[in-house]
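Peer 1: Position in the sequence shown (from 1) plus 27 gives the number in the working numbering. Heads up, the beta-carbon is just placed ideally off N, CA and C, and yes, glycines get one too. Please read through the structure below; I'll follow up with questions.
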Amino acid sequence: MRVTVITALLWACVTTADAQIESVASIAVNAEQIATSESFAYVAAGTTLTVFDITDPTAPVQIGTVDVPDRIYGMSVNANRAYLATGLEGVHIVEVSRAESSPVMIIGRYPTPGQAVDVALIGTHAAISNLMTGLEIVNLEVPENPVLVATVETPGYQRAVRAAGNLAFVIDQPSGIHSFDLSEPTAPVSVGLHEAGRVPARNVTIHGTRAYVVYQRTSLIEIVDITSPSTPNLLGHYKTTGQPEMVAADGTSIVIPKSGDGIEVVNLVDPTAPAVTTTYDTPGTARDIAIHGNYLLVADSQSLEVLRWR
Numbered sequence: 028m029r030v031t032v033i034t035a036l037l038w039a040c041v042t043t044a045d046a047q048i049e050s051v052a053s054i055a056v057n058a059e060q061i062a063t064s065e066s067f068a069y070v071a072a073g074t075t076l077t078v079f080d081i082t083d084p085t086a087p088v089q090i091g092t093v094d095v096p097d098r099i100y101g102m103s104v105n106a107n108r109a110y111l112a113t114g115l116e117g118v119h120i121v122e123v124s125r126a127e128s129s130p131v132m133i134i135g136r137y138p139t140p141g142q143a144v145d146v147a148l149i150g151t152h153a154a155i156s157n158l159m160t161g162l163e164i165v166n167l168e169v170p171e172n173p174v175l176v177a178t179v180e181t182p183g184y185q186r187a188v189r190a191a192g193n194l195a196f197v198i199d200q201p202s203g204i205h206s207f208d209l210s211e212p213t214a215p216v217s218v219g220l221h222e223a224g225r226v227p228a229r230n231v232t233i234h235g236t237r238a239y240v241v242y243q244r245t246s247l248i249e250i251v252d253i254t255s256p257s258t259p260n261l262l263g264h265y266k267t268t269g270q271p272e273m274v275a276a277d278g279t280s281i282v283i284p285k286s287g288d289g290i291e292v293v294n295l296v297d298p299t300a301p302a303v304t305t306t307y308d309t310p311g312t313a314r315d316i317a318i319h320g321n322y323l324l325v326a327d328s329q330s331l332e333v334l335r336w337r
């Protein structure tokens, strides 16, 4: 089904000397989280996942939707599959087939013992953060029948997990970011810890040799060098507004969705002196952002906003 796309001029672009953001499409859809892979955009809100074809990002085409039994707390995507952390219902595996009868369908499920709040992909395995029962490593080679191969405990409550190579970075509240080597998925090895500040960290984004740690309650973002995961090194920090839940990273810039305050692009060439290059006020509440080449796809609560940013 093709959805109506509202282009460009309702929301004027915001410019600085360094950058410009321009609205190119706006689609009415409930949108709390977003992730992209190849030519697909996966938009989650509540218990619903909506998938778009973004071969042309300025004219997204809705492929289909699927509902799961519990709220989608986190997701990870790869090509035509999405892995959804659905709380007490575990992790659901969704495949996009483009078949007319069922273009988006659930093909597998892993029933976690606790509340699955996030999932990251490492090769043929998933690392699942459970709020109270630890990090579970699951073999996905047969997606219809995922198999648990290992479990790792952390001191507190796991809230998020990200992957980089064979490493999993886990947000544990209140202790901080724990890193684990999953080169051998059946025998995870604890590598390092970046301790949290006075308040618990909410999320982390990994890009290259940096981790961007989000403290939602204080609107603080830490820039951490993880070249050596066993000895993470704090490079700097940036104080924003709007209590962001996450950031997206590209090169030496981060893009921050600031809830009702729109989005902000921050240059971190010098991590000790972050510099705002652009701000942009989206029509709704900016919850999540995916960087897709020259475009930013924003989960803006009641719409998917597509912005050209370079």
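(1) Within this structure, are the beta carbons of serine 328 and alanine 58 separated by less than 8 angstroms?
(2) How do the segment 146–158 and the segment 127–135 stand: do at least 3 beta-carbon pairs fall below 8 angstroms, yes or no?
(3) Just to confirm my understanding: we take aspartate 97, look at its own chain, exclude 5 residues before and 5 after, and list those with CB closer than 7 angstroms. What are they?
(4) With distance defined between alpha-carbon atoms, name the residue in Val176, Asp145, Ala191 nearest to tyrosine 343.
(5) From leucine 295 to alanine 62, what distance separates their C-alpha atoms?
(6) Report the three-state DSSP secondary structure of threonine 42 (helix, strand or coil).
(7) Please report the Cβ distance between serine 286 and threonine 312, rounded to the nearest whole angstrom; I am assuming they are in contact, meaning their Cβ atoms lie under 8 angstroms.
(8) Can isoleucine 48 and threonine 305 be called in contact, C-beta distance under 8 angstroms?
(9) Relative to the ligand MG, is the shortest distance from any of its heavy atoms to the C-beta of glycine 263 smaller than 7 angstroms?
(10) Among Glu211, Ile120, Ser257, which one has its Cα closest to the Cα of valine 169?
(11) So, helix, strand or coil for arginine 136, using DSSP?
(12) Under three-state DSSP, which class holds glycine 91?
(13) Round the Cβ separation of glycine 269 and serine 246 to the nearest angstrom and send it over; I've been treating them as touching at under 8 angstroms.
(14) Could you tell me the boundaries of the beta strand (DSSP E) in which threonine 267 lies?
(15) On the CB-based measure, 16 or more other CB atoms within 10 Å of its CB, does asparagine 157 come out buried or exposed?
(16) Between histidine 205 and lysine 266, what straight-line distance do the alpha-carbon atoms span, to the nearest angstrom?
(17) Should threonine 213 and valine 176 be called a contact, given that it needs their Cβ atoms to be closer than 8 angstroms?
(18) Just grab the DSSP bridge partners of leucine 111 for me.
(19) Would you mind stating whether isoleucine 17 and alanine 276 have Cβ atoms separated by less than 8 angstroms?
(20) Isoleucine 81 and alanine 68 - do their beta-carbons sit closer together than 8 angstroms?
(21) Please return the same chain residues whose Cβ sits closer than 7 angstroms to the Cβ of asparagine 105, not counting the five positions on each side in sequence.
(22) Over the uninterrupted beta strand (DSSP E) stretch that includes valine 146, give me the two end residues.
(23) Here's a check: name, in chain order, each residue in its chain whose Cβ is nearer than 7 angstroms to the Cβ of serine 330, leaving out the five neighbours to either side.
(24) Within this structure, are the beta carbons of threonine 178 and aspartate 199 separated by less than 8 angstroms?
(25) Fully enclosed by the segment 245–298, which beta strand (DSSP E) runs are 3 residues long or longer?
(26) From Asn260, Pro138, Ile233, Arg337, pick the residue whose C-alpha is nearest to that of glutamate 222; which is it?
Peer 2: Reading from the atomic positions:
(1) For the purposes of this step, residue 328 is taken as the residue at position 301 of the sequence shown. For the purposes of this step, residue 58 is taken as the residue at position 31 of the sequence shown. Their beta carbons are under 8 angstroms apart, which means serine 328 touches alanine 58 by this criterion.
(2) no
(3) Taking the first residue of the sequence shown as position 1, residue 97 is located at position 70. So the list reads Thr74, Thr113, Gly114, Leu115, Glu116, once near-sequence residues are dropped.
(4) Residue 343 lies beyond the range of the chain shown here (28 to 337); nothing can be said about it.
(5) Taking the sequence shown and counting its residues from 1, the one referred to as residue 295 is at position 268. Taking the sequence shown and counting its residues from 1, the one referred to as residue 62 is at position 35. When rounded, the distance between both Cα atoms is 23 angstroms.
(6) Position 15 of the sequence shown, counted from the start, is the residue given in the question as residue 42. Residue placement at threonine 42 is flagged as unreliable, the pLDDT there being 42, under the threshold of 50; a coordinate-derived value is accordingly withheld.
(7) Within the sequence shown, numbered from 1, the residue matching residue 286 stands at position 259. Within the sequence shown, numbered from 1, the residue matching residue 312 stands at position 285. Correct: roughly 5 angstroms between the Cβ atoms.
(8) Here residue 48 is taken as the residue at index 21 of the sequence shown, counted from 1. Here residue 305 is taken as the residue at index 278 of the sequence shown, counted from 1. Yes, these two residues count as a Cβ contact at 8 angstroms.
(9) By its list of ligands, the structure shown contains no ligand whatsoever, and the ligand MG lies outside what it can speak to.
(10) Mapped onto the sequence shown, residue 169 falls at position 142. For valine 169, the nearest C-alpha among the options comes from Ile120.
(11) As a position in the sequence shown, residue 136 is number 109, starting the count at 1. Residue state, collapsed to three classes: strand.
(12) By 1-based counting over the sequence shown, the position of residue 91 is 64. Strand at glycine 91.
(13) Position 242 of the sequence shown, counted from the start, is the residue given in the question as residue 269. Position 219 of the sequence shown, counted from the start, is the residue given in the question as residue 246. Yes, they are in contact, since the Cβ atoms of glycine 269 and serine 246 sit about 7 angstroms apart, within 8 angstroms.
(14) Against the sequence shown, residue 267 aligns to sequence position 240. Looking at the DSSP string, threonine 267 is not in any beta strand (DSSP E), and its letter there is neither H nor E.
(15) For this step, residue 157 is matched to residue 130 along the sequence shown. Buried: at least 16 other Cβ atoms inside 10 Å.
(16) Residue mapping note: residue 205 aligns to position 178 of the sequence shown, counting from 1. Residue mapping note: residue 266 aligns to position 239 of the sequence shown, counting from 1. Approximately 23 angstroms between the Cα atoms of the pair.
(17) For the purposes of this step, residue 213 is taken as the residue at position 186 of the sequence shown. For the purposes of this step, residue 176 is taken as the residue at position 149 of the sequence shown. Against a cut-off of 8 angstroms, the Cβ pair of valine 176 and threonine 213 comes out as a contact.
(18) The residue you call residue 111 lines up with position 84 of the sequence shown. Partner(s): Met102, His119.
(19) Outside the displayed span of the chain (28 to 337) sits residue 17, for which this structure offers no information.
(20) Reading the sequence shown from its first residue, position 41 is the one you call residue 68. Reading the sequence shown from its first residue, position 54 is the one you call residue 81. Yes, Cβ-Cβ distance for alanine 68 and isoleucine 81 is below 8 angstroms.
(21) Against the sequence shown, residue 105 aligns to sequence position 78. The answer, listed in chain order, is Ser64, Leu148.
(22) On the sequence shown, position 119 is the one that residue 146 refers to. Its beta strand (DSSP E) spans residues 143–149.
(23) Position 303 of the sequence shown holds residue 330. If we look at serine 330 and ignore the five residues flanking it on each side, its Cβ neighbours are Ser53, Ile54, Ala55, Val56, Ala58, Pro310, Gly311.
(24) Position 151 of the sequence shown, counting from 1, holds the residue named residue 178. Position 172 of the sequence shown, counting from 1, holds the residue named residue 199. No; because the gap between Cβ atoms is not below 8 angstroms, this pair is not in contact.
(25) If we require 3 residues or more, the beta strand (DSSP E) runs fully inside the segment 245–298 come out as 247–252, 260–266, 275–277, 280–284, 290–294.
(26) For the purposes of this step, residue 222 is identified with residue 195 of the sequence shown, where counting begins at 1. Nearest of Asn260, Pro138, Ile233, Arg337 to glutamate 222, Cα basis: Asn260.
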